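Protein sequences, first through last, are from chains Y and X.
So the first sequence is numbered by our numbering: it starts at 59 and just counts up by one.
So the second sequence is numbered by our numbering: it starts at 5 and just counts up by one.
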Amino acid sequence: MAEAPAFAAAAAPVLEVRDLKVHFPVAGGWFQRETRVVHAVDGVSLAVHPGEVVAVVGESGCGKTTLARAVLGLVDATAGEIRVKGAPIIGLDAASLRAHRRRVQMVFQDPFDSLNPRKTILSTLAQPLSIHGIVPAGEIRREAARLLDLVGLSPGEAFLDRYPHQFSGGQRQRACIARAIAVRPELVVADEAVSALDISIRAQILTLLQRLKAEFGLSYLFITHDLGVVRSLCDRVVVMYLGRIVEEGPTERIFTAPGHPYTAALMASCPLPDPRLARARKTVTLSGDLPSPVSPPAGCRFHTRCPVAQAICGREAPPAIELGQGQRAHCHFAADAPRWQAGAGPAQESKP
Amino acid sequence: MSTAGAMQAAEATAQMPVIAPHVPAWRIFARNGTAAFGAIVLAVLIPLAVLGPFLAPFDPSRVNAGPPMAGPHWPHVFGTDDLGRDVFSRVADGLRVSLLVGFGAASFSTGLGVVVGGVAGFFGRFIDDLLMRITEIFQVIPRFFLGVLLVAFFGASIFNIIFAIAILSWPEVARVVRSEFLSLRARQFVDAARVAGASRRTLIFSEILPNAMGPVVVNGTLLVGQAMLLEAGLSYLGLGDPSLVSLGVMLQEAQQIMRTAWWTTAFPGLMIFLAVLSLNLVGDGLNDVLNPRSRER
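So this is what it looks like as structure tokens:
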């Protein structure tokens with residue numbers, strides 16, 4: 059996992075997002091003249107190649123869920139492009155959007171909220187099967203049972219006529235995964251798919267996802283804030299901050315040699331199981347809160363909280379700086395990363 | 005054991021089909037003692053109302069069926085009124101009319117409220133604003149007086165009474181349904197259906213509406229009781245359907261003789277009380293059954 063899969067560059071990406079912007083207008087009061095806008099996703103580009111697992115990480119409110127919803131067509135993009143297998147999906151009519159949905163599926167965050175409580179598992183699974191005509195009507199029951207067997211709910215037949223409230227959280231999430239793979243998608247977007255689960259169940263679900271990936275040649279876009287999950291499952295990591303990508307690269311590089319101070323702080327916030335290692339680690343604690351996405355800071359969005367910020371950071375948005383092996387950091391000082399990580403930050407003289 | 009084997013074993017143990025039992029609806033309902041009481045009372049009252057003409061010992065409109073103004077005695081168990089009509093037979097008949105008005109008005113207003121509230125809640129924005137302003141106009145009018153006005157204007161037929169009561173009650177339903185739709189629309193299972201490719205119609209009728217029905221049904225049972233009271237109030241003011249005996253009409257007729265013949269008002273009043281009370285209790289019980297929370301956890 060140290061390097062991106064060699065074939066990734068060659069094959070056409072399953073998902074390509076280019077300069078995506080999703081803005082939400084905030085309803086002002088009656089007397090407020092100007093309409094304010096939340097810049098939930100503000101110029102994000104990324105690609106997921108066949109067989110690849112890409113993680114999108116960042117703290118709450120950084121726009122990662124909005125990004126996922128835009129990819130699924132659940133929110134309208136304000137600007138930019140989303141292509142699935144080269145075909146644009148923005149501005150599609152209902153019929154073409156349905157066809158698109160066959161290729162991209164989603165596993166939702168909360169297994170207690172993502173199954174209709176009034177429907178049996180059979181009718182939940184039958185919905186995508188019959189809408190997309192995956193199997194003839196007479197075989198839906200058998201196919202649904204097969205899907206449940208695939209995700210480890212076996213014998214599937216025993217689960218078909220049950221309601222979600224009869225299941226545990228792990229069983230529900232397995233059923234949700236069965237629904238996602240029912241239409242034979244190429245890309246599965248998992249939005250915090252394991253964060254609501256117990257730690258033991260979490261490992262099982264991750265194992266299941268890995269098995270299904272190998273079995274069906276799936277690609278995953280894994281939205282999460284759990285760095286442990288990222289490390290165990292993902293090939294590449296995209297770090298988001300306030301609607302923008304701050305850094306992306308192969309998982310191992312992001313963990314061991316982050317090129318952006320925010321990534322470094324994020325990695326440092328990840329608890330280590332060994333107290334000796336934890337004590338030896340230099341902690342980078344960020345001060346302050348996430349600025350409002352309604353009026354994001356000018357220049358580099360992270361400069362208000364950055365431990366190494368200089369005057370330039372408040373003026374100019376940093377370009378993407380290539381750090382090799384496909385790692386790119388959006389920081390003016392990315393090239394100096396080893397130096398400021400060693401504690402000799404260039405910021406000391408200019409900090410107030 | 006190899007690691008892969010251990011992993012598989014770990015996965016397998018967790019996959020034993022441990023499925024919680026499905027609790028039947030009646031059992032959840034019966035957990036609530038007062039609701040069960042209400043259901044039993046209704047189980048007596050509704051057959052009495054429906055089968056009234058067959059069960060009643062006398063023709064409800066027959067004058068001099070017994071001695072006038074006689075207290076409860078056999079065969080006139082609820083006594084007789086000033087014209088010698090059998091109060092029990094009239095109560096059974098009146099209950100039928102009252103329940104008809106109650107259920108009629110409740111289903112009419114629920115239907116209208118579900119459509120208006122559902123459309124407003126699902127589509128939101130401009131449509132929502134428009135429909136909710138209309139709803140509010142109906143809500144700020146004092147109900148009873150608009151009822152009096154409508155019935156006085158269009159005539160006191162039973163259909164007009166049902167219509168008037170329904171017109172007065174739907175805004176409540178519309179608001180309940182709208183808020184249910186608004187919150188359900190954002191639930192993950194609705195998004196999941198959208199991702200599965202469901203059409204707008206499927207989203208409304210198979211994902212959102214079934215989950216919004218709980219409060220609607222509960223509100224509906226409460227509406228039946230309210231409509232019965234409203235009808236009794238209108239009838240008491242002399243605005244009841246003159247060709248039919250309802251419990252309210254009986255109360256109005258017995259006004260003059262209330263002091264000397266208590267049974268002529270006590271029994272119709274008791275029927276209204278019992279019917280409305282038990283409908284409310286049943287509503288509470290249904291709330292338990294239809295609320296998915298009562299099954300979960």
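C-beta: ideal position from N, C-alpha, C; glycine also.
The structure presented is a predicted model; accordingly, all values stated were derived computationally and were not measured.
- A Cβ-Cβ distance of about 6 Å is found for the pair X:Pro79 and X:Pro61, placing them in contact under the 8 Å criterion.
- A residue is called buried once 16 or more other Cβ atoms fall within 10 Å of its Cβ, and Y:Glu197, having fewer, is exposed.
- The DSSP-derived three-state label of Y:Leu211 is coil.
- Sequence-distant Cβ neighbours of X:Ile166 in its own chain, meaning closer than 7 Å and more than five residues away, are Val105, Gly108, Ala109, Phe112.
- Apart from the 5 residues on each side of it in sequence, Y:Asp168 sits with its Cβ closer than 8 Å to the Cβ of Ala254 in its chain, given in chain order.
- One thing to note: Y:Pro351 has its Cβ no nearer than 7 Å to the Cβ of Y:Val133.
- Between Y:Lys122 and Y:Gly131, the C-beta gap is not smaller than 7 Å, which leaves the two residues out of contact.
- Take the alpha-carbon of Y:Val72 and the one of Y:Glu110: they are about 9 Å apart.
- Per the C-alpha coordinates, the member of Y:Gly317, Y:Val142, Y:Val114, Y:Leu348 positioned closest to Y:Arg159 is Y:Val142.
- Within the segment 59–124 of chain X, no run of beta strand (DSSP E) at least 3 residues long lies entirely inside it.
- Residue burial is scored here from C-beta neighbours: X:Trp267 has at least 16 other C-beta atoms within 10 angstroms and is therefore classed as buried.
- Here X:Val286 is near X:Thr225, since their CB atoms are less than 7 Å apart.
- 7 Å or more divides the Cβ of Y:Leu173 from the Cβ of Y:Pro213.
- DSSP places Y:Phe82 inside the beta strand (DSSP E), whose first and last residues are 73–84.
- Taking 7 Å as the threshold, the shortest C-beta distance from X:Ile208 to chain Y does not fall below it.
- The shortest CA-to-CA distance from Y:Met164 to any of Y:Asp100, Y:Lys79, Y:Cys234 is the one to Y:Cys234.
- Proximity of Y:Leu173 to chain X, defined by a Cβ-Cβ separation below 7 Å, is satisfied.
- At a cut-off of 7 Å between C-beta atoms, X:Pro214 counts as an interface residue with respect to chain Y.
- Within chain X, the C-beta atoms nearer than 7 Å to that of Y:Asp168 come from Gln192, in chain order.
- The three-state reading of DSSP puts Y:Gln385 in strand, counting E and B together.
- Contact check between the segment 193–201 of chain X and the segment 174–192 of chain Y: three or more CB pairs, one atom from each, fall below 8 Å, which counts as touching.
- Secondary structure at Y:Asp249: strand, using DSSP grouped into helix, strand and coil.
- By the neighbour-count definition (other C-beta atoms within 10 Å, threshold 16), Y:Val288 is a buried residue.
- Proximity of chain Y to X:Glu211 at the Cβ level (cut-off 7 Å) is accounted for by Asn174, in chain order.
- In terms of beta-carbon proximity, X:Val54 stays away from the interface with chain Y, with every pair separated by 7 Å or more.
- Not a single CB atom of chain Y sits nearer than 7 Å to the CB of X:His80.
- Residue pairing by DSSP places Y:Tyr278 opposite Y:Val111, Y:Val246 in a beta bridge.
- At a cut-off of 7 Å between C-beta atoms, Y:Pro186 counts as an interface residue with respect to chain X.
- X:Gly159 and X:Ala124 have their C-alpha atoms spaced approximately 33 Å apart.
- Under a criterion of Cβ atoms nearer than 7 Å, the residues of chain X adjacent to Y:Gln163 are, in order, Val199.
- Secondary structure note for Y:Asp100: its beta strand (DSSP E) is the uninterrupted segment 94–106.
- The beta-carbon separation of X:Phe126 and Y:Asp171, rounded to 19 Å, does not stay under the 8 Å limit for a contact.
- In the displayed model, Y:Ala145 falls within a strand according to three-state DSSP.
- DSSP, read as helix, strand or coil, puts Y:Arg232 in helix.
- A direct Cα-to-Cα measurement between X:Leu103 and X:Ile171 gives close to 18 Å.
- With 16 or more other Cβ atoms inside 10 Å of its own Cβ, Y:Arg359 counts as buried.
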